[in-house]
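Written out below as structure tokens is the structure these notes cover.
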Amino acid sequence: MEQKNQGICRFCLETFSDATMTRHLLACKTKKEREAQELANAKSTYPIYHIKVSSYRDYWMHIEMNATSTLRELDNFLRKIWLECCGHLSMFTINDVDYQDADEDSESWDSIIESIDNRLMDAMKVGDKFSYEYDFGTSTDVESKVIAERQGALDEPVRILARNSPYIYECSECGRQAIVFCTECECLVCEECLADHECGEEMALPIVNSPRMGECGYIGDLDFDTFSHQEKY
Ligand SMILES: [Zn+2]
Ligand SMILES: [Zn+2]
Ligand SMILES: [Zn+2]
Ligand SMILES: [Zn+2]
Numbered sequence: 112m113e114q115k116n117q118g119i120c121r122f123c124l125e126t127f128s129d130a131t132m133t134r135h136l137l138a139c140k141t142k143k144e145r146e147a148q149e150l151a152n153a154k155s156t157y158p159i160y161h162i163k164v165s166s167y168r169d170y171w172m173h174i175e176m177n178a179t180s181t182l183r184e185l186d187n188f189l190r191k192i193w194l195e196c197c198g199h200l201s202m203f204t205i206n207d208v209d210y211q212d213a214d215e216d217s218e219s220w221d222s223i224i225e226s227i228d229n230r231l232m233d234a235m236k237v238g239d240k241f242s243y244e245y246d247f248g249t250s251t252d253v254e255s256k257v258i259a260e261r262q263g264a265l266d267e268p269v270r271i272l273a274r275n276s277p278y279i280y281e282c283s284e285c286g287r288q289a290i291v292f293c294t295e296c297e298c299l300v301c302e303e304c305l306a307d308h309e310c311g312e313e314m315a316l317p318i319v320n321s322p323r324m325g326e327c328g329y330i331g332d333l334d335f336d337t338f339s340h341q342e343k344y
């Protein structure tokens, strides 16, 4: 089945491909109107970073965060929406500097590794690319770029501007929509076929909109990002 790598702009609700989304978000009139409104009501403003995060090309998100937020807050967000299975270590690499949680591995702690309690604005600037790794065993890699900066106010810690739409997979047995990924035989299975599946139901993990799908018992949290249910702001 052909899978379209596209997502919806959460301001004007138009659909764009991964390749054209960045350009659209920088020009979206509805987004600009909302920001102007927020700016008019804001008691104080701060620098806001527009960051694109992507993983294995199929999974991507455009987000905005207060640039005075810490890398830990970005780490928490990535874990919550995409990655967290059982509390593995993670690390950012930005301009050749590694950022990690200081408490987790004090043995190997040295001056080359910085703390993830650094602020975004102290670790990166517009145009910088950086990488993030979750779980150093069966790792999931995320590539990121700071796309733009603006002065404004956000009413949420992380605002999702756009995200890849969930992919639809066919059951390898009957062709209906698959709901699980069998980690034993690495095939996709629908609800009807699951009961008779030769590997049993224990080895099956739900299909989720995450680059962590199928890894290390990842089951995700389907309700975290309510926009996947097509709600408007
Ligand atoms: Zn738009
Ligand atoms: Zn795990
Ligand atoms: Zn089936
Ligand atoms: Zn199987």
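With this note's numbering applied, the sequence shown corresponds to residues 112 to 344, in that order. Glycine included, every Cβ here is placed at the ideal spot set by N, Cα and C.
Check: Alpha carbon to alpha carbon, how far is residue 265 from residue 151?
Finding: 12 Å
Item checked: Any non-hydrogen atom of ligand 3 closer than 6 Å to residue 281 Cβ -> no
Item checked: Identity of the residue in 288, 170, 179 nearest residue 324 by Cα -> 170
Check: Comparing the CB of residue 225 with every heavy atom of ligand 4, is any distance shorter than 6 Å?
Finding: no
Item checked: Beta-carbon contacts of residue 241 that lie in its chain and below 7 Å, excluding the five residues immediately before and after -> 203, 204, 205, 235, 255.
Check: What did DSSP end up calling residue 156 once you bin it into helix, strand or coil?
Finding: coil
Check: Given residue 343, which residues of its chain have a CB within under 8 Å of its CB, disregarding the five upstream and five downstream residues?
Finding: Low per-residue confidence applies at residue 343: pLDDT is 42, beneath 50, and the placement is therefore not dependable, though the value from the model is reported in the following sentence. Answer for residue 343: 124, listed in chain order.
Next item on the list: With residue 133 as the anchor, note down where its alpha helix (DSSP H) starts and where it stops.
Entry: The continuous alpha helix (DSSP H) containing residue 133 extends over residues 129-138.
Item checked: CB of residue 114 within 7 Å of CB of residue 278, strictly -> Cβ distance < 7 Å, so residue 114 and residue 278 count as in contact.
Next item on the list: Mind the definition here: the segment 173-183 touches the segment 223-233 only if three or more C-beta pairs lie below 8 Å; say whether that holds.
Entry: yes
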